[in-house]
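Asker: Residue numbering for the sequence shown follows the numbering used here, beginning at 687 and increasing consecutively.
Ideal Cβ placement from N, Cα and C applies to all residues, glycine included.
Before I ask anything, let me first share the structure, which is written out below as structure tokens.
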Amino acid sequence: MSAFSERFRIRKPVDLLSEKERKAIHEGALEVLETTGVRIHSPAARKDLKAAGAIVEEGGPDVRFPPDLVMELVGRAPRELTLAGRTKEFDLPMTGDHFYTTMDGCGVHVWEAETNGRRASVLEDIRRTAVIGDWLPYLSIYEPMVVAHDVPEKVHVAMGMKVAMENTKKHILSESTTNAAEARAQVDMAASVMGSVEELRKRHYISAMLCTISPLSLDGNASDAALVWAENHVPVHITGMAQAGVSGPASLAGDLVVNHGETLAVVCMLEAHEPGAPAIYGSVLSGMDPKTGAYMGSSPESDLLAVGSIEMAKYLGLPDSVGGFGSTAKIPGVQASLEHAMAAMVCANYGGEVVNGLGEPAGSTLLSYEQILLDHEITAMVIKIYQGFRVDEDELAVDLIEKVGIGGSYLAQRHTLDRMRGIFVPMLWDTSPYDSWVAKGKKDPMTVAREKTEWILGNHQPEPLSKATVQALDGIVHKLGKT
């Protein structure tokens, strides 16, 4: 196991729901799948499911699932997998005892502190955030963070992935794929980096999201893209987005029934098409503002729904991925950081292994370079807390306490020096006394975050791809644009 993945290992999580409560949600979802079913707008997926034994509406998109079939198909999915980096140094084993974080991936605006306003996102923002993500020590996975408005729509997803592959060695998560052609292009690109499709099937260099359309519906083009992912063993983060009270019941348990049913249906779809395809139990569930019905990410209800999703992944024994960040704060700063800190701690406490969303408040639509750094600081602190501490003879230090005695000092002891190397040192917060902070310019964390961002971009040079690989990627993007 690499030293990189080891830095994300945390102590065993705790449980929120009892086994009886998890079983009740599971059985509720099975009943919904059997009696109501899921509307699947992909003829290819419906064909696979019918052959597997699902009940497909004659001439229609609705599919119902016998409970035994659901469990048979879900049983084919791997219980452990590794999200690979470009090199093995950055491999991330998903074994249930890590806290990995990703950037977010659907921004359409970028926050500019100088103007206190927003601008449209462009391809250069993907390059810059990939360089930053490559450098950040506690950022596990990179996602192309924005829609590149300066790139033709037909190729903007592929171009974003190409720029990401050129500028980070870490695992890459694709969020915005909309059709099978885009998925095939990304598979071809990843295979070019890995050396072959066969190597890509063994080393999961990229993974991808499939978002359901709650309640109980799957988009046809997105489902066809997921089948391409499955064929090539690209792990699929199944990302239900049922909003309690809007696209799911207002009760949290009921919203989890909808999410669990949708997730089971997608796993069945993937496994009916390609037995053994890696599936990740994911969600970005949310509450709503009772006054307006608006989305409320990172609210207490959203955090509890995230935990509920994690609990149901545990029930099935599947790897989990959850939208723990994604504050509805309109701008970066205090609200976004507070909500992200609460969400991150909740997810770490209960076992969220891939936690999505650094750097994009406003419901994951606004890229903020400052918020990336703030969220990274939060992540590092959460990992430090949930790694816990040892209790053994060396750490109890009874002999040392007796040696120093009453009224002594531990400052000059070797024991102290050795342990100072493991003390958390913040990247952004100034820990010096007030007068020293004033003498250094009274910089607030947002200012320090901006300066650190520029330092990273000016000093970090990601390891480049070979010229031949870059040419291959360019050719794949060009071909996609001509189709």
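1. When you compare only the Cα positions, how much space is there between Gly819 and Ile1092?
2. Using the three-state DSSP reduction, which class does Ala894 fall into: helix, strand or coil?
3. With a threshold of 16 other CB atoms inside 10 Å of the CB of Asp910, please say whether the residue is buried or exposed.
4. Would you say the beta carbon of Gly1019 comes nearer than 7 Å to a heavy atom of the ligand ZN?
5. Apart from the five residues on each side of it in sequence, which residues of its chain come closer than 7 Å, Cβ to Cβ, to Ile899?
6. Using the rule of at least 16 other Cβ atoms within 10 Å of the residue's Cβ for burial, across every protein chain shown, is His923 buried or exposed?
7. On the CB-based measure, 16 or more other CB atoms within 10 Å of its CB, does His1146 come out buried or exposed?
8. Have a look at Ala894, Asp734 and Gln1057 and flag the residue whose alpha-carbon is nearest the alpha-carbon of Ser862.
9. Please say whether Tyr967 and Ala930 have beta carbons closer to each other than 8 Å?
10. Give the DSSP bridge partners of Thr788, in chain order.
11. For Asn918, does the three-state DSSP call read helix, strand or coil?
12. Only counting the same chain, and skipping five residues up and downstream in sequence, which positions put a Cβ closer than 6 Å to that of Asn1042?
13. Just checking my contact of Tyr828 with Lys856 at CB under 8 Å: how many whole Å lie between their CB atoms?
14. Less than 8 Å between C-beta atoms, sequence neighbours within five positions excluded: which residues of the same chain meet that for Ala763?
15. Only counting the same chain, and skipping five residues up and downstream in sequence, which positions put a Cβ closer than 7 Å to that of Asp941?
16. Figure out for me which residue from Thr1169, Thr1133, Pro1150 and Lys1153 has the closest Cα to the Cα of Glu800.
17. Hey, quick one: how far does the beta strand (DSSP E) through Arg750 stretch, first residue to last?
18. Assign Pro830 to one of two classes, buried (16 or more other C-beta atoms within 10 Å of its C-beta) or exposed (fewer than that).
19. Which one of Gly723, Gly746 and Ala738 has the shortest CA to CA distance from Glu758?
20. In the DSSP output, which residue or residues are listed as bridge partners for Asp1006?
21. For the region 792-799 and the region 747-761, state whether three or more C-beta atom pairs, one from each stretch, are separated by less than 8 Å.
22. What's the call for Lys1138, buried or exposed, on a 16-neighbour Cβ count within 10 Å?
23. Here's the rule I'm using: 16 or more other beta-carbon atoms within 10 Å means buried, otherwise exposed. How should Trp915 be labelled?
24. Residues in the same chain with beta-carbon distance under 7 Å from Thr1155, minus the five sequence neighbours each way, listed in chain order, please.
25. What is the rounded straight-line gap between the Cα of Ala908 and the Cα of Leu896?
26. Round the Cβ separation of Arg697 and Gly973 to the nearest angstrom and send it over; I've been treating them as touching at under 8 Å.
27. I need the boundaries of the alpha helix (DSSP H) containing Ser1118, first residue and last residue.
28. Can the beta-carbon of His959 be found closer than 8 Å to that of Ala731?
29. When you compare only the Cα positions, how much space is there between Arg1136 and Lys1070?
30. State buried or exposed for Ser988, treating a residue as buried only when at least 16 other CB atoms are found within 10 Å of its CB.
Answerer: Based on what the coordinates show:
1. Numbered from 1 along the sequence shown, position 133 holds the residue referred to as residue 819. Numbered from 1 along the sequence shown, position 406 holds the residue referred to as residue 1092. Going from the Cα of Gly819 to the Cα of Ile1092 covers about 48 Å.
2. Here residue 894 refers to the residue found at position 208 when the sequence shown is read from its first residue. Three-state result, Ala894: strand.
3. Start at 1 with the first residue of the sequence shown, and residue 910 comes out as number 224. The residue in question, Asp910, is buried, as its Cβ has 16 or more Cβ neighbours within 10 Å.
4. Of ligands this structure carries none, so the ligand ZN is not represented either.
5. Start at 1 with the first residue of the sequence shown, and residue 899 comes out as number 213. If we look at Ile899 and ignore the five residues flanking it on each side, its Cβ neighbours are Asp905.
6. By 1-based counting over the sequence shown, the position of residue 923 is 237. By the neighbour-count rule (16 or more Cβ atoms within 10 Å), His923 is buried.
7. As a position in the sequence shown, residue 1146 is number 460, starting the count at 1. It is exposed - the Cβ of His1146 has fewer than 16 other Cβ atoms within 10 Å.
8. As a working note, residue 862 is residue 176 in the sequence shown. Comparing Cα-Cα distances from Ser862 to each of Ala894, Asp734 and Gln1057, the minimum goes to Ala894.
9. Counted from its first residue, the sequence shown places residue 930 at position 244. Counted from its first residue, the sequence shown places residue 967 at position 281. The answer is no: Cβ separation not under 8 Å.
10. Locating residue 788 in the sequence shown gives position 102, counting from the first residue. Ile827.
11. In the sequence shown, the residue the question calls residue 918 occupies position 232. Coil at Asn918, not helix or strand.
12. Translated into the one-based positions of the sequence shown, residue 1042 becomes position 356. Excluding residues within five positions, the ones whose Cβ falls inside 6 Å are Thr788 and Gly1009.
13. Counted from its first residue, the sequence shown places residue 828 at position 142. Counted from its first residue, the sequence shown places residue 856 at position 170. That belief holds up - the Cβ atoms of Tyr828 and Lys856 are roughly 5 Å apart, short of 8 Å.
14. Numbered from its first residue, the sequence shown carries residue 763 at position 77. Cβ within range, chain order: Val953, Leu956, Glu957, Gly962, Ala963, Pro964, Ala965 and Leu1004.
15. Locating residue 941 in the sequence shown gives position 255, counting from the first residue. Cβ neighbours of Asp941 beyond the five flanking positions: Ala928, Ala930, Gly934, Pro935, Leu971 and Leu991.
16. Here residue 800 refers to the residue found at position 114 when the sequence shown is read from its first residue. Out of Thr1169, Thr1133, Pro1150 and Lys1153, Thr1133 has the C-alpha closest to the C-alpha of Glu800.
17. Start at 1 with the first residue of the sequence shown, and residue 750 comes out as number 64. Taken as a continuous stretch (DSSP letters only), the beta strand (DSSP E) holding Arg750 covers Asp748 to Arg750.
18. Taking the first residue of the sequence shown as 1, we reach residue 830 at position 144. With 16 or more Cβ atoms within 10 Å of its Cβ, Pro830 is classed as buried.
19. The count along the sequence shown starts at 1 and reaches residue 758 at position 72. The candidate whose alpha carbon is nearest that of Glu758 is Ala738.
20. Counted from its first residue, the sequence shown places residue 1006 at position 320. Answer is Tyr967, bridged to Asp1006.
21. no
22. As a position in the sequence shown, residue 1138 is number 452, starting the count at 1. Buried, since its Cβ has 16 or more Cβ neighbours within 10 Å.
23. Residue numbering aside, residue 915 sits at position 229 when the sequence shown is read from its first letter. By the 10 Å Cβ count, Trp915 comes out buried.
24. The count along the sequence shown starts at 1 and reaches residue 1155 at position 469. Only Ser878 and Val879 meet the Cβ criterion.
25. Stepping through the sequence shown from its first residue, residue 908 is reached at position 222. Stepping through the sequence shown from its first residue, residue 896 is reached at position 210. The alpha-carbon atoms of Ala908 and Leu896 are separated by roughly 7 Å.
26. Within the sequence shown, the letter at position 11 stands for residue 697. Within the sequence shown, the letter at position 287 stands for residue 973. About 29 Å separates the two Cβ atoms, so there is no contact after all.
27. Here residue 1118 refers to the residue found at position 432 of the sequence shown. Taken as a continuous stretch (DSSP letters only), Ser1118 belongs to no alpha helix (DSSP H), as it is neither H nor E.
28. Here residue 959 is taken as the residue at index 273 of the sequence shown, counted from 1. Here residue 731 is taken as the residue at index 45 of the sequence shown, counted from 1. In contact: His959 and Ala731 (Cβ atoms closer than 8 Å).
29. To locate residue 1136, count along the sequence shown from 1; it is residue 450. To locate residue 1070, count along the sequence shown from 1; it is residue 384. Spanning the two alpha carbons is a distance of roughly 24 Å.
30. Your numbering for residue 988 matches position 302 in the sequence shown. Ser988 should be labelled buried.
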